[in-house]
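Report on the following structure.
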Amino acid sequence: MSACEHVRAELTAYLDGELDETSASSLRGHLRLCAECRAIADEHARIVDVLAALPPPEPPPSMWDGVKARLGAAEIEDARRSRLGLWWQRVRPHLVPAMGLAAAAAVAAVWIAHRRASGDEPAHEVAIGHHEVTPPVPPSPPVAPSAADQIDVRDALASDDDHADAAYRAAAEELIAMAADAKGDWTPSQQKAFDARVAALRTAAEHAASGEPRERAWQALIDYVQRAVVGVRVAEAL
Amino acid sequence: MEALYHQYKRRVYALVYRIVGAGDAEEVAQDVFVRVFRGLGAFRGESQLGTWIYRLSVNAALSYVAKRGRRAEIPDGAEVLDALPAPPVAMSDPKLAAKVEAAMAALPAGYRAILVLHDIEGLSHEECAAILDCRVGTSKSQLHKARAKMRELLGPALAGERERS
Numbered sequence: 001m002s003a004c005e006h007v008r009a010e011l012t013a014y015l016d017g018e019l020d021e022t023s024a025s026s027l028r029g030h031l032r033l034c035a036e037c038r039a040i041a042d043e044h045a046r047i048v049d050v051l052a053a054l055p056p057p058e059p060p061p062s063m064w065d066g067v068k069a070r071l072g073a074a075e076i077e078d079a080r081r082s083r084l085g086l087w088w089q090r091v092r093p094h095l096v097p098a099m100g101l102a103a104a105a106a107v108a109a110v111w112i113a114h115r116r117a118s119g120d121e122p123a124h125e126v127a128i129g130h131h132e133v134t135p136p137v138p139p140s141p142p143v144a145p146s147a148a149d150q151i152d153v154r155d156a157l158a159s160d161d162d163h164a165d166a167a168y169r170a171a172a173e174e175l176i177a178m179a180a181d182a183k184g185d186w187t188p189s190q191q192k193a194f195d196a197r198v199a200a201l202r203t204a205a206e207h208a209a210s211g212e213p214r215e216r217a218w219q220a221l222i223d224y225v226q227r228a229v230v231g232v233r234v235a236e237a238l
Numbered sequence: 239m240e241a242l243y244h245q246y247k248r249r250v251y252a253l254v255y256r257i258v259g260a261g262d263a264e265e266v267a268q269d270v271f272v273r274v275f276r277g278l279g280a281f282r283g284e285s286q287l288g289t290w291i292y293r294l295s296v297n298a299a300l301s302y303v304a305k306r307g308r309r310a311e312i313p314d315g316a317e318v319l320d321a322l323p324a325p326p327v328a329m330s331d332p333k334l335a336a337k338v339e340a341a342m343a344a345l346p347a348g349y350r351a352i353l354v355l356h357d358i359e360g361l362s363h364e365e366c367a368a369i370l371d372c373r374v375g376t377s378k379s380q381l382h383k384a385r386a387k388m389r390e391l392l393g394p395a396l397a398g399e400r401e402r403s
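Here the protein sequences come in this chain order: A and B.
For the first sequence, counting from 1, position 170 maps to 170 in my numbering; every step adds exactly one.
So my numbering is basically just the index in the second sequence, starting at one, shifted up by 238.
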């Protein structure tokens, strides 16, 4: 590094008084001899002076009102978030087991159908037909009935569908009721569009085939109301 | 709460103003105070309150600039000067303050931050490093680069100023 490069690299420290006296004296000596470095040092010093002399901007009087308004808006948002959080905590334990029961029952139905199709278990309807056209077969040795045979799978499925349907319906209706608070901030056209969309999604859910199609329809309604009321951020937070 | 606002409003506003520009300064400064008041409960006194508020201000301003992402939206020096009171120190070139503001607006936001903290607000490198969450050496080297860039941008204006003075 040349003497000039070294001096220019030290200029900021020199102007800020951070060089020890020996280094500062050496730098001043170089500036006495080198007009180019002296000019650069002068410009650095001038920049520091001008920056320090820049007048401070005065905050506008409206700023405090804006701060208070933003704080109020943030607290309202907090209230909505916490209310939704509480709602979700209350609803989730009902929704998740209902969905789990429905899924378990569906798996059981598939398993039983598979066993019947593969001949592991007597299928009553098919066996009756066979008795009419084939010679009687020796009775099978008695076996303990399986757990699956002790329940009517269709009844179980219907029962679990009913539970899930009721849980989804209750959750959706509760969320729609909460939306009434938020709607006060919307324009009339937004309120109208929201009501129309909710009505269409509710109708779709009520007329959907029971089971998974109806669950999806309720979920679509819940997702829509969540997004409309609290925005994507809160929906993601949940 | 209001007392704290009045205690820091000028420093927060001035800092934010120099980093984001006059047009967006009020909005960003309001955001800073909302963060301050909502975060006061979590402030554990590990740093000075002023340092913490400065840090929130710098972070909010730099984040805003990063999101805005378009340098063209930063006002030029003339617009900034119009919004400022008369300089307390007379300059031989009355337009020099505007040129300095324009040069600052052309700097990368990080350079603006260190110039404002050190050269305008008069904070030490230790304080700047605490606010910018960097080492003292980094603060010094950033300041040197920022001043060098200012000199590069202001070259002819500074030469004229030097000849007149």
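Glycine is no exception: its CB is placed at the ideal position from the N, C-alpha and C atoms.
Legend entry - Helix, strand or coil at C372(B) [DSSP, three-state]: The sequence position of residue 372(B) within the second sequence is 134, counting from 1. Of the three classes helix, strand and coil, the one that applies to C372(B) here is coil, per DSSP.
Inset, instruction - Helix, strand or coil for G259(B), going by three-state DSSP, please let me know. - result: Residue 259(B) sits at position 21 when you count from the first residue of the second sequence. In this structure, G259(B) counts as coil in the three-state DSSP scheme.
Legend entry - Supposed contact pair R248(B) and P59(A) - C-beta distance, whole angstroms, cut 8 Å: As a first step, residue 59(A) is located in the first sequence; it is residue number 59 there, counting from the start. As a first step, residue 248(B) is located in the second sequence; it is residue number 10 there, counting from the start. With 8 Å as the limit, P59(A) and R248(B) qualify as a contact, their Cβ atoms being about 6 Å apart.
Legend entry - Proximity to V274(B) [Cα-Cα], best of G259(B), N297(B), D262(B): Locating residue 274(B) in the second sequence gives position 36, counting from the first residue. Measuring from the Cα of V274(B), the nearest candidate turns out to be N297(B).
Legend entry - Nearest to L396(B) (by Cα), restricted to the options A79(A), Y14(A), A24(A), D42(A): On the second sequence, position 158 is the one that residue 396(B) refers to. Closest by alpha carbon: D42(A).
Inset, instruction - With 9 Å as the threshold, decide whether the Cβ of E364(B) is near any Cβ in chain A. - result: Taking the first residue of the second sequence as 1, we reach residue 364(B) at position 126. Not one chain A Cβ lies under 9 Å of E364(B).
Legend entry - Neighbouring residues, chain B, relative to E36(A) (Cβ below 7 Å): Translated into the one-based positions of the first sequence, residue 36(A) becomes position 36. Per Cβ cutoff of 7 Å: no residues; E36(A) is ~12 Å from chain B at best.
Inset, instruction - Compile a chain-ordered list of the residues in the region 246–262 of chain B whose CB is closer than 9 Å to at least one CB of chain A. - result: K247, R248, R249, V250, Y251, A252, Y255, R256, A260
Legend entry - Rounded distance between the beta-carbons of D357(B) and A52(A), thought under 8 Å: Position 52 of the first sequence, counted from the first residue, corresponds to residue 52(A). Position 119 of the second sequence, counted from the first residue, corresponds to residue 357(B). That belief holds up - the Cβ atoms of A52(A) and D357(B) are roughly 6 Å apart, short of 8 Å.
Inset, instruction - Taking all protein chains shown into account, decide if M239(B) is buried (16 or more other Cβ within 10 angstroms of its Cβ) or exposed. - result: On the second sequence, position 1 is the one that residue 239(B) refers to. Exposed, since its Cβ has fewer than 16 Cβ neighbours within 10 Å.
Inset, instruction - Taking all protein chains shown into account, decide if F271(B) is buried (16 or more other Cβ within 10 angstroms of its Cβ) or exposed. - result: Translated into positions along the second sequence, residue 271(B) becomes position 33. Its Cβ being crowded by 16 or more others within 10 Å, F271(B) is buried.
Inset, instruction - Count the other CB atoms, across all protein chains shown, that sit within 10 Å of the CB of P394(B); report buried if there are 16 or more and exposed otherwise. - result: Counting from 1 along the second sequence, the entry for residue 394(B) is found at position 156. That one is exposed.
Inset, instruction - Select from the region 266–293 of chain B all residues with a C-beta closer than 8 Å to any C-beta belonging to chain A, and list them in chain order. - result: A267, Q268, D269, F271, V272, F275, R276
Legend entry - Assigned exposure category for S295(B) - 16 Cβ within 10 Å defines buried: Taking the second sequence and counting its residues from 1, one reaches residue 295(B) at position 57. Answer is buried; the Cβ neighbour count reaches 16.
Legend entry - Close Cβ partners of L361(B) (< 7 Å) along its chain, the five nearest in sequence each way excluded: As a first step, residue 361(B) is located in the second sequence; it is residue number 123 there, counting from the start. Excluding sequence neighbours, L361(B) sits near L355.
Inset, instruction - Indicate whether E265(B) and G66(A) have their beta-carbon atoms separated by less than 9 Å. - result: Residue 265(B) sits at position 27 when you count from the first residue of the second sequence. Residue 66(A) sits at position 66 when you count from the first residue of the first sequence. Yes, these two residues count as a Cβ contact at 9 Å.
Legend entry - Beta-carbon spacing of A239(A), R202(A) below 9 Å: Since the displayed chain A opens at 1 and closes at 238, residue 239(A) lies outside it and no answer follows.
Legend entry - Under 8 Å from the C-beta of Y243(B): neighbouring residues of chain A: By one-based count along the second sequence, residue 243(B) stands at place 5. Near Y243(B) (Cβ distances below 8 Å), the residues of chain A are W64, V67.
Inset, instruction - Express the C-alpha separation of I76(A) and H163(A) in angstroms, rounding to a whole number. - result: On the first sequence, position 163 is the one that residue 163(A) refers to. On the first sequence, position 76 is the one that residue 76(A) refers to. Distance between the alpha carbons of H163(A) and I76(A): 34 Å.
Legend entry - Range covered by the alpha helix (DSSP H) that runs through P188(A): Position 188 of the first sequence, counted from the first residue, corresponds to residue 188(A). Note, P188(A): alpha helix (DSSP H), 188–207.
Inset, instruction - Under 8 Å between beta-carbons, which chain B residues line up against V7(A)? List them in chain order, please. - result: In the first sequence, counting from the first residue as 1, residue 7(A) sits at position 7. Correct list: empty, because the minimum Cβ distance to chain B is about 13 Å.
Legend entry - Per-residue DSSP class, three states only, for D20(A): In the first sequence, counting from the first residue as 1, residue 20(A) sits at position 20. Three-state DSSP puts D20(A) in coil, outside helix and strand.
Inset, instruction - Return no unless some Cβ of chain A is closer than 9 Å to the Cβ of A299(B). - result: Here residue 299(B) refers to the residue found at position 61 of the second sequence. Cβ-Cβ to chain A under 9 Å: no for A299(B).
Inset, instruction - Tell me, please, whether the region 380–392 of chain B touches the region 7–18 of chain A by the rule of three or more beta-carbon pairs shorter than 8 Å. - result: yes
Legend entry - Contact set between I358(B) and chain A, taken where Cβ atoms lie within less than 9 Å: Position 120 of the second sequence, counted from the first residue, corresponds to residue 358(B). Chain A residues near I358(B): L51, A52, L54, P56.
Inset, instruction - Determine the DSSP secondary structure at P213(A), reduced to helix, strand or coil. - result: Here residue 213(A) corresponds to residue number 213 of the first sequence, with the count starting at 1. Residue state, collapsed to three classes: helix.
Legend entry - First through last residue of the alpha helix (DSSP H) which encompasses A351(B): Your numbering for residue 351(B) matches position 113 in the second sequence. Unbroken alpha helix (DSSP H) run through A351(B): 347–352.
Inset, instruction - Please work out which residues of its chain come closer than 7 Å, Cβ to Cβ, to G277(B), disregarding the five sequence neighbours upstream and downstream, and give them in chain order. - result: In the second sequence, the residue the question calls residue 277(B) occupies position 39. Excluding residues within five positions, none has a Cβ falling inside 7 Å.
Inset, instruction - Below 8 Å on the Cβ atoms is my guess for V258(B) versus V303(B); work out the distance and round it to an integer in Å. - result: Your numbering for residue 258(B) matches position 20 in the second sequence. Your numbering for residue 303(B) matches position 65 in the second sequence. Yes, V258(B) and V303(B) are in contact; Cβ-Cβ is about 6 Å, under 8 Å.
Legend entry - Residue from D371(B), L300(B), E339(B), G375(B) with nearest C-alpha to A347(B): The count along the second sequence starts at 1 and reaches residue 347(B) at position 109. Of the listed residues, the one whose Cα sits closest to A347(B) is L300(B).
Inset, instruction - Could you tell me whether the Cβ of A367(B) comes closer than 9 Å to any Cβ of chain A? - result: Along the second sequence, one-based indexing puts residue 367(B) at 129. It does not; no Cβ of chain A falls within 9 Å.
Inset, instruction - Counting only the same chain and skipping the five closest in sequence on each side, list residues whose C-beta sits under 6 Å from that of Y168(A). - result: Numbered from 1 along the first sequence, position 168 holds the residue referred to as residue 168(A). The answer, listed in chain order, is W218.
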